[in-house]
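Heads up: the sequence shown at position 125 corresponds to 1263 in the working numbering, and the numbers run straight through without jumps.
Beta carbons are placed, not taken as given, at the ideal position from N, Cα and C, and that holds for glycine.
First comes the structure, then the notes that go with it.
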Amino acid sequence: MPALSHRLRPVAVAAGLLAFLSAAAPESVGALTPGGADALTPAEAAALSAPPALPDIVEGKADAPATIVEYASLTCSHCAAFHKDVWPALKAKYVDTGKAKFVMREFPLDRLALAAFMLARCAGPEKRDAVVDRLFDHQADWAFVDNPLPRLRDEMAAAGLKEADFDACLKNQKLLDQVRSMRDAAAQKLGVRSTPTFFVSGRRLAGVQPLETFDEILAPPAK
């Protein structure tokens, strides 16, 4: 479970992010240590429901009775494992049936993840989640290589983003600040320290969780 650390240092200008990616090497990730469900304080619950720096992109019915929020990093291998191994069943059981809606929020653990999230947003709100899915599915091809920029260009080109838009996106200072604000707010107000972290019906879950853990919260057995 990769943890938030000093690795994501402020970038002076967005153009510096593009320069960094041209020579970036893969960064280390932390160990997976799933935690139990913690009840949110009233202040945390209020912070979770407050409008984020970037608008939520909701999967499922907007009026679903339950909400699942995931804070993820696109360079987090455990996040990719969740989206491969757990998310399809979770989506089928709760999201597709209208029992819950799902929101994935940006929590980049390093500058490469920050760039990837910016690019996913630049694809447009109707394509953001599809781009995220693609980047998780192909994570080993771009996130853990010595020179990730060309590989990331290839992934985004396959997703339909033009090369000129790729460069312009990574130079977008406002978007960079918004993605960083998403991470900072989650760390400061919601106690997010690692990815993935989930918020489900007033409870916080740290680390990759099996479907059964979500069942315990969303469909507890009758007493």
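Sort out for me which residues DSSP pairs residue i with in a bridge.
i	result
Glu1244	Ala1210
Val1196	Val1241
Thr1205	Lys1239
Return the chain-ordered list of same chain residues with a C-beta closer than 8 angstroms to the C-beta of residue i, the five sequence neighbours on each side being excluded.
i	result
Asp1297	The residue you asked about is not Asp; residue 1297 is Ala in the sequence shown. The answer, listed in chain order, is Ala1261, Lys1265, Ala1268, Val1269 and Arg1272.
Lys1239	Val1196, Glu1197, Gly1198, Lys1199, Ala1200, Ala1202, Ala1204, Thr1205, Ile1206 and Val1233
Arg1291	Glu1301 and Phe1304
Ala1162	Note that Ala1162 scores a pLDDT of 46, beneath 50, so its modelled location is shaky; the value from the coordinates is reported in the next line. These residues qualify, in order along the chain: Arg1249, Leu1250, Asn1285, Pro1286 and Leu1287.
Quick one: does the C-beta of residue i sit closer than 8 angstroms to a heavy atom of the ligand GTP?
i	result
Pro1263	Of ligands this structure carries none, so the ligand GTP is not represented either.
Residue i to residue j, Cα distance in whole Å?
i	j	result
Leu1178	Val1338	10 angstroms
Leu1192	Gln1316	6 angstroms
Leu1287	Trp1280	8 angstroms
Pro1226	Ala1325	27 angstroms
Glu1208	Ala1181	19 angstroms
Leu1299	Asp1194	21 angstroms
Leu1228	Pro1358	15 angstroms
Ala1285	Lys1312	The amino acid occupying residue 1285 in the given sequence is Asn; Ala does not appear at that position. Answer to the nearest angstrom: the Cα atoms are 25 angstroms apart.
Arg1318	Ser1332	15 angstroms
Asn1310	Leu1252	12 angstroms
Pro1189	Phe1282	33 angstroms
Gly1236	Arg1289	37 angstroms
Glu1293	Leu1328	32 angstroms
Ala1295	Leu1257	11 angstroms
Arg1185	Ser1211	According to the sequence provided, residue 1185 is Ala. The question's Arg does not apply to it. Approximately 20 angstroms between the Cα atoms of the pair.
Asp1353	Cys1307	39 angstroms
Phe1336	Lys1222	16 angstroms
Arg1321	Ser1187	15 angstroms
What is the residue span of the beta strand (DSSP E) that residue i lies within?
i	result
Asp1176	Ala1175 to Ala1177
Tell me the residue span of the alpha helix (DSSP H) that contains residue i.
i	result
Asp1275	Arg1266 to Asp1275
Asp1223	Ser1215 to Asp1223
Phe1282	Counting along the chain, Phe1282 falls outside any alpha helix (DSSP H), and DSSP gives it neither H nor E.
Ala1185	Pro1180 to Ser1187
Ala1254	Arg1249 to Cys1260
Looking only at its chain, what residues have a beta carbon closer than 6 angstroms to the beta carbon of residue i, apart from the 5 residues adjacent to it on each side?
i	result
Phe1091	Residue 1091 lies beyond the stretch modelled for the chain, which goes from 1139 to 1361, so this question has no answer here.
Val1241	Asp1194, Val1196 and Val1207
Give every residue of the same chain whose Cβ lies closer than 7 angstroms to the Cβ of residue i, excluding the five residues on either side of it in the sequence, and list them in chain order.
i	result
Ala1218	Phe1274 and Gln1277
Thr1351	Leu1343
Ile1355	Ala1175, Val1338, Ser1339 and Arg1341
Val1330	Tyr1209, Phe1245 and Ala1324
Arg1259	Leu1192, Arg1266 and Leu1313
Pro1348	Val1224
Phe1255	Leu1212, Glu1244, Pro1246 and Val1317
Between residue i and chain C, is any beta-carbon pair separated by less than 9 angstroms?
i	result
Pro1190	Chain labels in this structure do not include chain C; a single protein chain is all it has.
- Query: At what residue ranges does the segment 1290-1349 contain a whole run of the beta strand (DSSP E), taking only runs of 3 or more?
  - Reply: 1335-1338 and 1341-1344
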